[in-house]
Amino acid sequence: MAQEGSAGEPSPVLVEHRGSLTLLTLNRPDKLNSFNEAQHRALKAAVDAAAADETCRAVIITGSGRGFCAGQDLSDRVRPEGGRAPDLGETLDEYYNPLIRAIRAMPKPVIAAVNGVAAGAGANLALACDLVLAARSAKFVQAFSKIGLIPDSGGTWMLPRLVGEARAKALTMLAIPVPAEEAERIGMIYRAVDDSALMSEAIALGEALAKAPTRGLAETKLLLQRAFTLSFDQQLDDEREAQRRLGRSADYAEGVRAFMEKREATFRGQ
Ligand code: T3D
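Take any residue in the sequence shown, count from 1 to its spot, add 206: that is its number in our numbering.
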């Protein structure tokens, strides 16, 4: 189901429900889906709705047109020389950080289907997702240094963990565009796929995840995200608690029954 704005304007984010899979499409193609306030509000609302919707068990975020997302819409940041400087900390507090936190906390998998260039906060939006598929023609650019900013939206945390500090420093300080295949090779993303196959591959992946034991995936997601900040002992304790919770879940009982009966399990996300 595509959403339309109230005045018949296309919504800055299209929402489509495909069974247990929710597809969110950034929809400002003329601006490479860069973020203005309307797109921020629409994406956060759609992410929150997907998180709260028990029938939704996996989410895909993609972009319309030739770009995935070019980060902040810089036409909203132009000011005359000597004009009052914006408080960018405020916009991070109000928009970017809550969005990235919501994706990372979502108790279900989020796939980024990167259809084209992902720059600035758009690149880090993709990297905040759990699985990143990218079209071979797509590229990732930490464009921030070109305008005198730091890599926000979790970039300074995520990049060194994904690609190592040395490479993270080069990619951010030099704003080097990373083509999708290179991004896969250096472990920045999960996979690069043919452009024509991107959406079919993303939907197949999303549908497979939407049939998986959702609670187990949610616990796995949170454990892996915290792994680099906890000690080994703390992680073992957290694994024990997660396993204790999951051992009481209906999906675990079904998984064991299905294995013993040599049949496919039917997981309900419970
Ligand atoms: O401000 C805050 O609240 C703080 C938070 C900041 C978060 C951030 O994301 S800061 C970083 C902002 N983003 C950028 O600096 C990226 C700027 N864009 C580019 O570097 C390039 O456009 C791309 C590498 C993304 C793509 O290059 P290319 O050659 O494929 O396309 P293009 O010709 O540069 O762009 C196509 C059109 O999109 C063009 O408009 P036009 O000339 O056809 O009317 C271009 O101006 C527009 N566009 C691209 N990115 C943005 C944009 N318009 C506004 N804001 C953009 N970010």
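For glycine and all other residues, C-beta sits at the position ideal for the given N, C-alpha and C. What you are looking at is a predicted structure, and each value in this text was computed from that prediction instead of being measured.
Three-state secondary structure assigned by DSSP to K314 = It is coil, neither helix nor strand.
Residue from P419, L227, V219, D457 whose Cα sits closest to the Cα of V477 | A question about residue 477 goes unanswered here, because the residues of the chain that appear run from 207 up to 476.
What are the residues that DSSP puts in a beta bridge with K345?
-> As DSSP reads the structure, K345 sits in a beta bridge with P385.
Proximal residues to P235 (C-beta, below 6 Å), its chain only, five neighbours per side dropped = S270, G271
Per DSSP, the bridge partner or partners of C275 | A324
Residues that DSSP places opposite H246 in a beta bridge = Looking at the DSSP assignment, H246 forms no beta bridge with any residue, so it has no partner.
Minimum length 4: unbroken alpha helix (DSSP H) runs contained in the region 370 to 455 = Within the region 370 to 455, the complete alpha helix (DSSP H) segments at least 4 residues long are 371 to 379, 386 to 391, 404 to 416, 420 to 432, 438 to 453, listed from N- to C-terminus.
Contact belief for T426 with G475 at Cβ below 8 Å, rounded distance in angstroms = Between G475 and T426 the Cβ distance is about 14 Å, and since that is not below 8 Å, they are no contact.
Which residues in the same chain have their Cβ closer than 6 Å to the Cβ of L355, if we skip the five residues on either side of it in sequence?
-> none
Taking 8 Å as the cut-off, decide whether the C-beta atoms of N239 and C275 are in contact.
-> yes
Straight-line Cα distance separating E447 from V462 | 20 Å
In whole angstroms, what separates the C-alpha of M281 from that of A334?
-> One detail in the question is off: residue 281 reads as Ser in this sequence, not Met. In a straight line, the C-alpha of S281 is about 25 Å away from that of A334.
Alpha carbon to alpha carbon, how far is Y301 from K468?
-> 48 Å
For the ligand T3D, is there a heavy atom less than 7 Å away from the beta-carbon of D293?
-> no
Which term fits S455, buried or exposed, when burial requires 16 or more other beta carbons within 10 angstroms of its beta carbon?
-> It counts as buried.
Exposed or buried, what is K345 when buried is set at 16 or more other beta-carbons lying within 10 Å of its beta-carbon?
-> buried
Expressed to the nearest angstrom, what Euclidean distance is found between the alpha-carbon atoms of L220 and A251?
-> 12 Å
Taking R451 as the reference, give the member of A464, G422, L298 with the closest Cα.
-> G422
Have a look at the DSSP bridge pairing and note the partners of R285.
-> According to DSSP, R285 bridges with nothing at all.
Spell out a yes or no on whether the region 317 to 327 and the region 335 to 342 are touching, meaning 3 or more CB-CB pairs, one atom from each, closer than 8 Å.
-> yes
Determine the direct distance from the alpha carbon of G273 to that of P218, and round the result to whole angstroms.
-> 14 Å
Contact test: F346 Cβ vs the ligand T3D heavy atom, cutoff 7 Å = no
What residues match up with V253 in a beta bridge as DSSP calls it?
-> In the DSSP output, where bridge partners are listed per residue, V253 has none listed.
For G412 and A264, believed in contact at Cβ under 8 Å, the rounded distance = Between A264 and G412 a beta carbon distance of about 5 Å is seen, short of the 8 Å cut, so the two are scored as contacting.
In three-state DSSP terms, what is P292?
-> coil
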